[in-house]
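Per the working numbering, the very first residue in the sequence shown carries number 30; after that it's consecutive.
These notes are about the structure you will find just below.
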Amino acid sequence: MHVIGLISGTSVDGVDAALMQISGMTTDLAVTLLASETMPYPSALREQILAACGGAQLSIETLAQLDDAIATTFAQAALMVQADNSPAALIGSHGQTLFHRPPSSPFTLPSSFRTQSLGYSLQLGRGEVIAAQTGIPTVSNFRVADIAMGGQGAPLVPAVDRYLLAHGEGDRCIQNIGGIGNVAYIPALKPSDSDIAIEKKYYRQSNATPLNPPLPRGETPSPWQGEGWGEVLLGSQPSANLLKGWDTGPGNALIDLAVHHLSQGQLTFDADGTWAATGTVCEPLVNQWMQHPYFHQAPPKSTGRELFGPAYLHQCLQDAQRYDLSDADILATITELTVASIDHSYRTFLPHLPGQVLVCGGGSHNTYLLAQLRSRLSPIPVLTTGDAGVNADFKEAIAFGVLAYWYWHGIPGNLPVVTGAKQAVPLGQLHLPPQLDNIS
């Protein structure tokens, strides 16, 4: 099945689009990347998104317009990546996270909300618009189902990593360094259905109108289609001493905010980490910042720009005033916070250090950051997922393509051992293009 995965991360630099061929389901999952593109956001749209993420007050009309503009950009990215390639049968679109507030985070919640048991996560870029503009069935809004089951709604990618990046030579940490950092700890042996506690349950659709759209380009029916019973796997999760995953803390977003501030708006990121590399890390500041409660909260946990965004940068810059630091020193120290938070996470929350670390996301291009990470984790090899055959720039887009593919076939996409959800469930909402919208 040809599937397109779409995502824009918390760095808000554009839409990553990956066209892939997917076969198999879980233990026999095979993914081949056919094409990949990044569509940058128009500068005005990016500024609107960043302002909204930073807490700017938006009218309902402005929010709706922003939602449509993001969806249109995602649709354009999907059409661009499949140009000159075989048409896709399905799109999995993560959307653009505007706000993420997981449950069980009392130190970040306004007092008026602290009695609420569930968190919330808002992604813009409506799947209905993407489906209509591309003519391709689109699965979107992946995080809400996990949150509804009591989970964090993140990270979701470890569910895919465990099949694509496990190997038999040692445990691996798959470290994404996007706007936020997140890790998946993958045991050495690729899990098989015999190694996983599988609970077979059934969905009966007799009380609802059956979903019978024309099948995309010769695909076989999924368990969600047709009348009667469809068998799906609901309880698939490795035991707690195997796979783990959580958000480690800030990734590139805080660094990018610092670059924008220190350059007085002239730069948006530190290319290859060259600016930070000219500075000296202020270790007392790193140690102070590492006292933040999030770094010491046990998983499951997730975070976002709400915690490590403009307000946090402002506090960091105030803290830095107590030291005689150059701009390069400040940037090196903020970059070191990302590195230190990753190192601390591994040493605090893993059963043991991994045999190998594979980095993906924009941070995989920050030469200085990777050098600092290698120094802290030495002698553990720190490579990129590209060295293991999975494109480091588009791994997240690939993952959401797989999650959409699993949804289409009725396969759960979350790992309760990672997110804290009460149960594994299929993730997302399906939106059909007009020509397929014949539910009757």
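We put the CB at the ideal spot given by N, CA and C, even for glycine.
Quantities reported herein were computed from a predicted structural model and do not represent experimental measurements.
Residue environment for residue 309: exposed (fewer than 16 other C-beta atoms within 10 angstroms of its C-beta). Linking residue 70 to residue 209 through their CA atoms gives a straight-line distance of about 19 Å. Judged by DSSP secondary structure, residue 374 falls within the alpha helix (DSSP H) whose first and last residues are 356 to 378.
For residue 151, DSSP records a beta bridge to 128. Out of 73, 368, 192, the CA that lies nearest to the CA of residue 315 is found in 368. By the C-beta density criterion, residue 404 is exposed, having fewer than 16 other C-beta atoms within 10 angstroms. Residues 202, 214, 273 of the same chain have their beta carbon placed closer than 8 Å to that of residue 379, with the five preceding and five following residues left out of the count. For residue 386, DSSP records a beta bridge to 202, 411. If you check the CB distance, residue 32 and residue 87 do not come in under 7 Å. When secondary structure is reduced to three states using DSSP, residue 293 falls in the coil class, being assigned neither helix nor strand. A distance of 7 Å or more separates the beta carbons of residue 85 and residue 127. For residue 364, the closest alpha carbon among the candidates 325, 327, 319, 411 is that of 319.
Taken through DSSP and simplified to helix, strand or coil, residue 158 comes out as helix. Secondary structure of residue 279 (DSSP, three-state): strand. Within the same chain, and ignoring the five residues on either side of residue 147 in sequence, the residues whose Cβ sits closer than 8 Å to its Cβ are 132, 176, 177, 179. From the listed residues 284, 187, 451, 447, the smallest Cα separation to residue 40 is found for 284. Annotation: residue 313 to residue 376 spans about 20 Å, alpha carbon to alpha carbon. Just so you know, the alpha carbons of residue 434 and residue 121 end up roughly 8 Å apart.
The closest CA to that of residue 391, considering only 165, 381, 415, is found on 415. Residue 57 counts as exposed, since fewer than 16 other beta carbons sit within 10 angstroms of its beta carbon. Around the C-beta of residue 89, fewer than 16 other C-beta atoms lie within 10 Å, and the residue is accordingly described as exposed. If you draw a 10 Å sphere on the C-beta of residue 286, you find 16 or more other C-beta atoms in it, and that means buried. Beyond the five residues adjoining it in sequence on each side, residue 36 comes within less than 6 Å, by CB distance, of 45, 123, 425, 426, 429 in the same chain, given in chain order. Using a Cβ distance threshold of 7 Å, residue 448 and residue 370 do not count as a contacting pair.
Counting along the chain, the unbroken alpha helix (DSSP H) around residue 325 starts and ends at 322 to 325.
A distance below 7 Å separates the beta carbons of residue 200 and residue 383. Taking C-alpha positions only, residue 72 is separated from residue 106 by approximately 16 Å. Per the coordinates, the alpha-carbon of residue 192 lies some 9 Å from the alpha-carbon of residue 59. The secondary-structure analysis by DSSP pairs residue 285 with nothing; it has no beta-bridge partner. Along the segment 55 to 124, the alpha helix (DSSP H) occurs as fully enclosed runs of 4 or more residues at 72 to 82, 89 to 111, listed in sequence order. The beta carbon of residue 110 sits closer than 8 Å to those of 33, 46, 47, 48, 64, 65, 66, all from its chain and outside the five residues before and after it, given in chain order. Fewer than three pairs of CB atoms, one per stretch, sit closer than 8 Å, so the segment 330 to 350 makes no contact with the segment 160 to 170.
When the alpha-carbon of residue 167 is set against those of 450, 431, 98, 417, the nearest one is in 431. For the pair residue 339 and residue 83, the CB atoms are nearer than the 7 Å cut-off.
Here residue 451 is exposed. Its C-beta has fewer than 16 other C-beta atoms within 10 Å.
Around the beta carbon of residue 351, a 10 Å sphere encloses fewer than 16 other beta carbons of the protein chains shown; the residue is thus reported as exposed.
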